[in-house]
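See below for the structure under consideration.
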Amino acid sequence: MLRSGEHVVYVVPWGRHWIVGSTAAWSEPDRLLSDLNRHLEVPLGLDAVESSFSTPARWGSDGDRSPAVAVPVPALVTVHGGGLAGYRAEAERAIDLAVAQIGGLHPPSTTRRVPLLGADGFEARWNQRHLLAERAGVPVLRMEHLLRRYGSDVDSLISALEERPQLAAPLPGAEDYLAAEVWFAVAYEGATHLDDVLQRRTRIAIETRDGGAEATGAVADLMAADLDWDDQERSRQVSRYLNR
């Protein structure tokens with residue numbers, strides 16, 4: 104986190120990438136780089152930017168950007184203006200407000216103490232990563248990637264890799280990801296659309312310079328096999344993503 108005038112620039116490690124953002128009301132990559140370069144010994148140019156994205160700023164009437172959790176009508180709890188950085192705190196407040204609507208007979212929310220999916224048992228799996236890599240038939244660096252993404256849920260991926268070794272293949276145009284991760288998105292996360300896998304279940308859409316265009320064919324083939332898409336549906340999914 105770096106101070107730049109009246110706003111803050113965030114620099115967050117993201118695998119082989121870095122996410123650079125700002126609390127300022129603008130989001131142009133060149134202005135972000137200008138602020139960032141004030142703190143770097145070797146400045147970065149626009150050629151270092153693989154992709155950019157932004158979300159609309161939600162400002163309150165007094166300039167406050169804090170999320171608002173409220174009960175506008177009985178039995179309805181709303182969260183407005185929240186962000187990924189504070190979503191668990193907002194969820195806790197929302198649960199406590201919802202409980203209050205039914206008489207407050209339950210203890211306070213335990214959201215902040217509930218481990219994220221895959222966090223329980225992660226340390227033990229991380230210590231076993233060399234053995235897990237051997238079981239799955241992938242390099243240790245690949246196993247570390249899977250562990251960082253799925254935590255202890257990596258067991259399901261390892262079982263799939265043992266049964267279907269072809270799932271260990273990297274995705275063309277998005278070699279950081281394995282075919283097994285597309286399978287997992289469909290089998291365990293309920294993904295049914297190509298854009299869902301490329302944008303949310305993975306981050307291929309923002310981690311590749313072409314927005315995932317080269318990977319669409321391979322990902323669509325994998326999804327088609329597990330979701331029983333015919334050629335027409337596969338083509339429709341690919342065309343819709345590329346047109347976006």
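Heads up: take any position in the sequence shown, counting from 1, add 103, and you land on the working numbering.
No residue lacks a Cβ here, since even glycine has one placed at the ideal position from N, Cα and C.
Check                                                                                                      : Outcome
Cβ-Cβ separation, ALA272 to ARG329 (assumed contact under 8 Å), whole Å                                    : Sequence inspection shows Asp at residue 329; the Arg mentioned does not correspond to that position. With 8 Å as the limit, ASP329 and ALA272 do not qualify as a contact, their Cβ atoms being about 15 Å apart.
Of the residues ASN140, ARG216, ALA316, ALA288, the one placed nearest LEU325, counting alpha carbons only : ALA288
GLY254 versus GLU226, ALA277, ALA327, SER262, residue with shortest Cα-Cα distance                         : GLU226
Buried or exposed by the 16-neighbour rule on C-beta atoms within 10 Å, applied to GLN335                  : exposed
Beta-carbon proximity list for TRP229, same chain, < 7 Å, skipping 5 on both sides                         : LEU250
Limits of the alpha helix (DSSP H) - the one that HIS120 falls within                                      : No alpha helix (DSSP H) contains HIS120, which is instead part of the beta strand (DSSP E) from 120-125.
ALA227 CB to nearest heavy atom of the ligand MN below 8 Å                                                 : Questions concerning the ligand MN fall outside what the structure shown contains, since it holds no ligand whatsoever.
Exposure of ARG196, with buried meaning 16 or more beta-carbon neighbours within 10 Å                      : buried
According to DSSP, residues forming a beta bridge with LEU281                                              : PRO273
Three-way DSSP call (helix, strand, coil) for LEU143 in this model                                         : coil
For ILE307 and VAL174, the rounded distance between their alpha carbons                                    : 37 Å
8 Å contact criterion, which LEU345 and ALA318 should meet: CB distance rounded                            : Rounded, the Cβ-Cβ distance is 11 Å, inconsistent with contact.
Through-space distance from TRP332 to ASP165, alpha-carbon basis                                           : Bear in mind that a pLDDT of 49 at ASP165, under 50, signals an unreliable position, so the number given afterwards is only what the model happens to contain. Cα to Cα, ASP165 sits roughly 51 Å from TRP332.
Span separating the alpha-carbon of PRO132 from that of HIS120                                             : 15 Å
Test: VAL341 CB closer than 9 Å to a CB of chain D                                                         : Here chain D cannot be found, since the structure has a single protein chain.
Reference GLN302; option with closest CA among PRO275, ARG347, ALA171, SER338                              : ARG347
Delimiting residues of the alpha helix (DSSP H) encompassing THR319                                        : 319-330
6 Å CB neighbourhood of THR311 in its chain, flanking five on each side removed                            : ALA277
TYR190 burial status per 10 Å Cβ neighbour count (16 or more: buried)                                      : exposed
Inter-residue Cα distance where the pair is VAL241 and GLY184                                              : 42 Å
LEU179: first and last residue of the uninterrupted beta strand (DSSP E) it sits in                        : 179-183
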